Amino acid sequence: MNSHIISNIAGLIGTIRETGPLIHHITNYVTVNDCANITLAIGASPIMADDIEEAQEITAISQALVINIGTLNKRTIGSMIAAGKRANEINIPVVLDPVGAGASMLRNKTVSGLLEQIKFSVIRGNMSEIRFIAGLSATTKGVDASETDLEGGTPNGIDTAKALANKLGCVIAITGATDIISNGKQTTCIENGHKMLGAVTGTGCMCSSLIGSSCGAVSDYFLAAASGILYMGIAGEIAFEYAGQKGNGSFHTAVIDEISKLNAETVHRRAKIYEA
Amino acid sequence: MNSHIISNIAGLIGTIRETGPLIHHITNYVTVNDCANITLAIGASPIMADDIEEAQEITAISQALVINIGTLNKRTIGSMIAAGKRANEINIPVVLDPVGAGASMLRNKTVSGLLEQIKFSVIRGNMSEIRFIAGLSATTKGVDASETDLEGGTPNGIDTAKALANKLGCVIAITGATDIISNGKQTTCIENGHKMLGAVTGTGCMCSSLIGSSCGAVSDYFLAAASGILYMGIAGEIAFEYAGQKGNGSFHTAVIDEISKLNAETVHRRAKIYEA
Amino acid sequence: MNSHIISNIAGLIGTIRETGPLIHHITNYVTVNDCANITLAIGASPIMADDIEEAQEITAISQALVINIGTLNKRTIGSMIAAGKRANEINIPVVLDPVGAGASMLRNKTVSGLLEQIKFSVIRGNMSEIRFIAGLSATTKGVDASETDLEGGTPNGIDTAKALANKLGCVIAITGATDIISNGKQTTCIENGHKMLGAVTGTGCMCSSLIGSSCGAVSDYFLAAASGILYMGIAGEIAFEYAGQKGNGSFHTAVIDEISKLNAETVHRRAKIYEA
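Chains as they are written, first to last, in our numbering: chain A, 315 to 590; chain B, 315 to 590; chain C, 315 to 590.
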């Protein structure tokens with residue numbers, strides 16, 4: 315499987331750059347600039363529109379929708395639901411980034427409402443967020459995964475991802491030291507990336523934007539999820555090699571640089587992906 | 315005309331840096347940090363305030379107002395109109411950046427409402443956005459100009475800009491591979507810039523902030539529009555020369571660097587501006 | 315006093331990095347990404363949540379709350395008050411950044427309301443903002459300190475800070491060419507920093523986030539305020555030394571780099587702090 319999936323992930327970069335899919339984001343105001351720039355860097359085209367009066371219309375001209383609840387507020391929850399429903403109607407993929415799920419009743423209630431009303435193609439979160447969605451006890455520490463949840467480690471994560479993917483009928487992606495992607499039948503792990511990605515805000519959000527960009531260019535959302543995560547991981551690794559010593563700001567810039575320069579050859583050379 | 319206008323554009327940098335005009339922005343949350351930083355980099359002072367309870371008051375202490383509809387929402391439309399009217403009353407310039415005009419009914423309706431109620435000094439957009447405002451058929455692709463609209467090319471763009479400038483009594487600026495600025499009587503084209511500017515979000519918005527900063531320092535808004543666009547074009551060119559190979563993130567940083575270091579000598583040496 | 319306080323400030327960096335306090339921000343959308351990144355860079359963990367339905371709950375899991383009124387709007391004023399009250403109830407520190415106080419009735423009214431209903435641990439602003447809060451005549455120029463207010467200079471600033479600290483029973487920090495920190499009894503001045511910090515938006519906001527991060531790790535808020543300001547000043551100085559010539563964008567990145575690399579040894583070597 316590995317060499318086959320690596321080839322597909324490597325090849326998808328060219329497809330995104332050639333087709334330039336429009337990716338509608340309803341996202342948070344903390345990392346939105348990075349989300350737009352990473353979307354452009356991989357070759358897709360971002361549009362951010364969150365007012366209820368235009369959300370559905372913008373979704374209708376897009377190739378994928380990314381919903382990110384990072385700075386959730388009542389004004390945009392309705393827009394998320396309306397846009398998600400429209401995406402389902404016209405059969406374009408919807409990616410959910412459940413930032414901070416488990417950290418407040420509002421986030422929990424909203425995630426539940428979104429899951430009830432929208433069919434997602436991919437849900438990407440950290441271990442705490444995904445455990446929360448899976449109905450397991452999660453000990454969220456704000457928007458970062460808690461130590462306790464990480465202690466469970468990869469084996470538990472694989473089971474959680476598989477079970478939740480089967481339950482929701484969508485791809486579940488858990489990002490962390492080892493990333494886990496499952497559609498219930500296939501499950502894959504990625505060991506690219508660098509822990510310094512956790513020292514810059516929005517690397518998770520950007521990863522979701524890369525998944526959205528990939529979903530906008532291919533109909534295999536398992537492949538798309540693995541692609542977005544692998545792209546981010548490789549960019550983080552390379553960025554760390556030459557910019558890590560400079561500090562967080564330079565590393566942040568370097569991550570976007572590396573996504574914009576990423577090519578199939580680098581993916582083939584760097585990919586650390588294996589079937590779980 | 316060229317050497318005269320180039321001297322004026324070159325000289326305006328010093329005026330902005332000496333007078334430090336306060337530029338009120340009601341703008342989108344995607345690129346707002348870049349808008350503030352580019353305004354500071356050229357020597358003006360940004361203030362972002364979008365609540366209806368303070369918008370007019372902030373406009374009243376400012377030297378120019380920039381209205382950007384990038385992430386339009388119902389909360390701020392009223393603030394845009396109130397601030398614009400106040401700007402008209404006290405006779406300070408108003409710049410409109412009609413981001414994504416043509417992409418949704420909400421944007422179209424809002425642009426129409428703004429044009430009815432506010433007298434703008436400069437409207438800056440891409441070809442699709444300006445064609446939409448001119449009532450021509452435009453095929454918007456989200457917030458970027460469509461290929462189809464660009465095919466029409468410069469000659470059509472000049473006619474569109476002239477006609478619309480005459481109709482609305484304001485300066486029309488169409489940015490693209492060739493930039494076109496017209497006040498109906500005078501029309502000028504600029505061929506500075508680099509296509510990599512399109513790979514970073516907010517370079518259009520930043521250009522509008524530079525136009526706003528220029529408008530806040532000089533009463534000739536045709537000159538101000540040409541200045542803002544030329545500054546951005548030259549910064550983009552220089553940034554590409556040394557940072558383009560590094561990637562999108564470094565290029566983004568370099569554009570802001572170059573605006574902060576821009577001086578009259580560089581404008582004289584680099585300007586590619588001609589009468590249309 | 316100096317060597318003692320310097321040792322404490324230097325040592326606090328390690329404490330922040332070891333304890334990783336969660337810092338709840340209700341802040342503006344202009345500089346929010348920088349606030350999150352600087353919080354991570356010093357070793358704390360940011361969470362931005364401004365909806366009234368979750369603000370109190372997020373405060374309740376945090377170690378400090380930062381309220382910044384940079385882009386004030388009616389939707390979030392209630393959230394600020396609710397979160398601040400909850401912080402007071404559970405006895406976690408609250409930092410106020412009264413951005414643009416004096417520039418509009420809305421800001422003035424909101425600051426008054428916040429001061430009436432919330433007990434702050436630290437208020438950090440520029441001279442115009444603090445003079446406004448102190449009830450002195452201030453001539454605000456948007457969100458930057460006015461020349462007139464700065465002419466008063468340090469001696470007046472010290473009196474203002476002391477008197478206001480005693481009146482409000484909290485630490486007052488005035489940042490400028492010389493920074494002044496007072497809790498009414500102790501007053502200290504810092505002469506680190508570089509004027510280029512004023513050419514990048516959000517360096518004041520980031521300073522408040524550093525103060526918040528420090529407050530989340532130590533119970534002496536006078537020390538915390540001095541620490542946040544000294545960290546920012548030293549980072550600005552070092553950043554200027556190697557990135558100042560490159561321009562505003564590179565300097566911006568370098569400031570975040572230097573906070574992420576800051577250590578006790580650098581604080582000991584660079585600190586210019588003296589008792590007033």
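Yeah, the Cβ is synthetic: ideal placement off N, Cα and C, and Gly gets one too.
Just so it is clear, the structure is predicted and the values come from calculations on it, not from any experiment.
Under the three-pair Cβ rule at 8 Å, the region 319-326 of chain A counts as touching the region 573-588 of chain A. Put simply, the CB of B:Val-514 is far from chain C, with every gap to its CB atoms at 8 Å or more.
Interface residue (Cβ-Cβ distance to chain C less than 8 Å): B:Ala-358 is not classified as such. Closer than 8 Å at the C-beta level to chain A, one finds these residues of the region 382-398 of chain C: Arg-389. Taking a C-beta cut-off of 8 Å against chain C, the contacting residues of the region 548-566 of chain A are Lys-560, Gly-561, Asn-562, Gly-563, Ser-564, His-566, listed in chain order.
When the alpha-carbon of B:Leu-429 is set against those of B:Val-409, B:Thr-333, B:Ala-417, B:Ser-533, the nearest one is in B:Val-409. Residues Pro-412 of the same chain have their beta carbon placed closer than 6 Å to that of C:Gly-439, with the five preceding and five following residues left out of the count. Burial state of A:Arg-400 is buried, judged by a 10 Å Cβ sphere holding 16 or more other Cβ atoms. Scanning B:Thr-517, B:Asp-473, B:Gly-483 for the CA closest to the CA of B:Thr-501 turns up B:Asp-473.
For B:Pro-335, the secondary structure class from DSSP, reduced to helix, strand or coil, is coil. Contacts with chain B (Cβ-Cβ distance below 8 Å) from the region 404-423 of chain C involve Gly-414, Ala-417, Ser-418, Met-419, Leu-420, Arg-421, listed in chain order. Any Cβ of chain A closer than 8 Å to the Cβ of B:Val-581 would place that residue at the interface, and such an atom is absent. Using beta-carbon distances, A:Ile-444 does not count as an interface residue toward chain B, since no partner is under 8 Å. Where C:Ala-369 is concerned, the enclosing alpha helix (DSSP H) starts and stops at 369-374. Annotation: the continuous beta strand (DSSP E) that includes A:Tyr-588 extends over 587-589. In the structure shown, C:Asn-382 falls within a strand segment according to DSSP collapsed to helix, strand and coil. One thing to note: A:Ser-435 has its Cβ within 8 Å of the Cβ of A:Val-485.
For C:Cys-529, the closest alpha carbon among the candidates C:Ala-539, C:Met-520, C:Met-419 is that of C:Ala-539. Pairing C:Gly-392 with C:Ile-366, the inter-Cα distance amounts to about 7 Å. Closer than 8 Å to the CB of A:Asn-351 there is not a single CB belonging to chain C. Looking at the DSSP output, B:Cys-519 bridges to nothing. Of the candidates B:Glu-332, B:Cys-349, B:Ala-355, B:Phe-565, the residue whose Cα lies closest to the Cα of B:Ile-340 is B:Cys-349.
Within the region 337-350 of chain A, the residues whose Cβ lies closer than 7 Å to any Cβ of chain B are, in chain order, Tyr-343, Val-346, Asn-347, Ala-350.
Note that the region 489-507 of chain B touches the region 549-561 of chain B; at least 3 beta-carbon pairs, one per stretch, sit closer than 8 Å. Residue contact with chain C for A:Asp-571: absent (no Cβ-Cβ distance below 8 Å to any residue of chain C). The C-beta separation of C:Ala-477 from C:Glu-443 comes to about 16 Å, leaving the pair out of contact by the 8 Å criterion.
Going by C-alpha positions, A:Gly-516 is about 37 Å away from B:Ile-494. Shown here, A:Cys-503 sits in a strand according to DSSP, grouped into three states. Using a Cβ-Cβ cut-off of 8 Å, B:Asp-365 does not count as an interface residue toward chain A, since no Cβ of chain A sits closer than that to its own. Rounded to the nearest whole angstrom, the CA to CA distance from A:Ala-479 to A:Phe-446 is 14 Å. When only Cα atoms are considered, C:Ala-324 and A:Val-514 end up about 23 Å apart.
With a threshold of 8 Å between beta carbons, C:Ile-361 makes contact with chain A. Per DSSP, C:Ser-435 lies in no beta strand (DSSP E) and is assigned neither H nor E. B:Asn-347 is positioned such that its CB atom lies no closer than 8 Å to that of C:Val-569. Inter-residue distance for C:Ile-356 and B:Ala-475 is about 50 Å (C-alpha atoms, whole angstroms). In this structure, C:Met-510 and C:Gly-558 form a Cβ contact; the two beta carbons are roughly 6 Å apart against a cut-off of 8 Å.
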